[in-house]
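Here the structure comes first, spelled out in structure tokens, and everything after it is commentary.
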Amino acid sequence: MGIVYVNGEFVSTEEAKVSVYDRGLLYGDGVFEGIRAYNGRVFKLDEHIDRLYESAHSILIDIPLTKEEFKENLAETIRRNQLRDSYIRPIVTRGIKGLGIDPWDAMSPTVIIIADKINLYSSKMYEEGISAVCASTIRNNPNACNPQIKSLNYLNSALAKFEAYLAGADEALFLNPQGYVVEAAVDNLFIYTKEGVLITPPTYLGALRGITRDAVIAIARDKGIPVKEEPFTRHSLYNAVESFLTGTAAEIIPLVKVDGRVIGDGRPGKVTRDIMAAYRELTKTSGYPVY
Ligand SMILES: Cc1ncc(COP(=O)(O)O)c(C=O)c1O
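Take 630 as the starting number for the sequence shown in the numbering used here and just add one per residue.
Below you can see the structure in the form of structure tokens.
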């Protein structure tokens, strides 16, 4: 039985409850993070906490904890679950109110921290790569709920994933309203071109500024690989030499087929594999110690 942090208390999974009047449930009115711990150290914790507070700030939620308090509660949740390798899900909602949509009444935010495990793909998929389709569901326009905000409304991503499932593919990619490829349902996207450049779509197109994405950019630059944040279309993706997705839960997963087109030679390429190895090393050698 797991232990969950809910509004200052550590309770069992069975006792961890939120009200049916919580705005996170009623309106997706809240924000979240997905964080990972490796061997007792939380990877990129400061970056995730900063992004959580920025998401909350953007939708006018004042998290009732300092960042230090948040980090300490998160570490304590991992300790109470006696986990070393873990996937952690902090959630902050605007709180509890009646059924009206008006968000400005004084509400006390609901703060939840779940520490569990996650395993998105099989080891075969990491070795051989995965397939994706470009979904007909497009990435939210940044003038709607900005995709930089990790809001509790991930219906767009869930619908895109459904499209992938119905098409028999492993993953879904989003185009933005202008038709540029921006990211996957819950991952960022990279291509490696025949010119030897690693390209990822700029965040202003509608991609989340992924923390794994930032880490990969740093790793690639460190290896002397030129990296660009530049818009590209499906044509460039189909004709890339290599491609991969990045995300906290997925880590780095090679992408070898998109919309029925084989990418490169249809196998995870050398650049992808080198970056995967360097990322694995980074997760082993850095992070906020929990114990
Ligand atoms: C829409 C979206 N894009 C990309 C990512 C990858 O971001 P990160 O590497 O910070 O996990 C996520 C995961 O949080 C996501 O939800």
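Ideal placement from N, C-alpha and C gives every residue a C-beta, glycine not left out.
- Residues of the same chain with a CB within less than 6 angstroms of the CB of Lys-852, apart from the 5 flanking positions on each side, do not exist.
- Sequence-distant partners of Lys-673 (beyond 5 residues in either direction) whose C-beta falls short of 6 angstroms from its own C-beta, in its chain, are Ile-840.
- For Lys-857, the beta-bridge partners assigned by DSSP are Ile-828.
- Not one heavy atom of ligand 1 is found less than 7 angstroms from the C-beta of Val-660.
- The three-state secondary structure of Tyr-794, taken from DSSP, is helix.
- Counting C-beta atoms within 10 angstroms of its own C-beta, Leu-834 has 16 or more neighbours from the protein chains shown and is therefore classed as buried.
- Pairing Phe-639 with Arg-718 gives a Cβ-Cβ distance that is not under 8 angstroms.
- As a beta-bridge residue in DSSP terms, Ala-666 pairs with Val-671 and Ser-715.
- Secondary structure of Val-647 (DSSP, three-state): coil.
- Here the alpha carbon of Leu-728 sits roughly 37 angstroms from the alpha carbon of Val-671.
- In this structure, Thr-822 lies away from Leu-788, with their beta-carbon atoms at least 8 angstroms apart.
- In the structure shown, Asp-851 adopts helical secondary structure according to DSSP, grouped into three states.
- A direct Cα-Cα distance of roughly 45 angstroms separates Ala-849 from Ile-725.
- A direct Cα-Cα distance of roughly 17 angstroms separates Ile-707 from Ala-878.
- The alpha-carbon of Ile-720 is positioned some 11 angstroms away from that of Ala-744.
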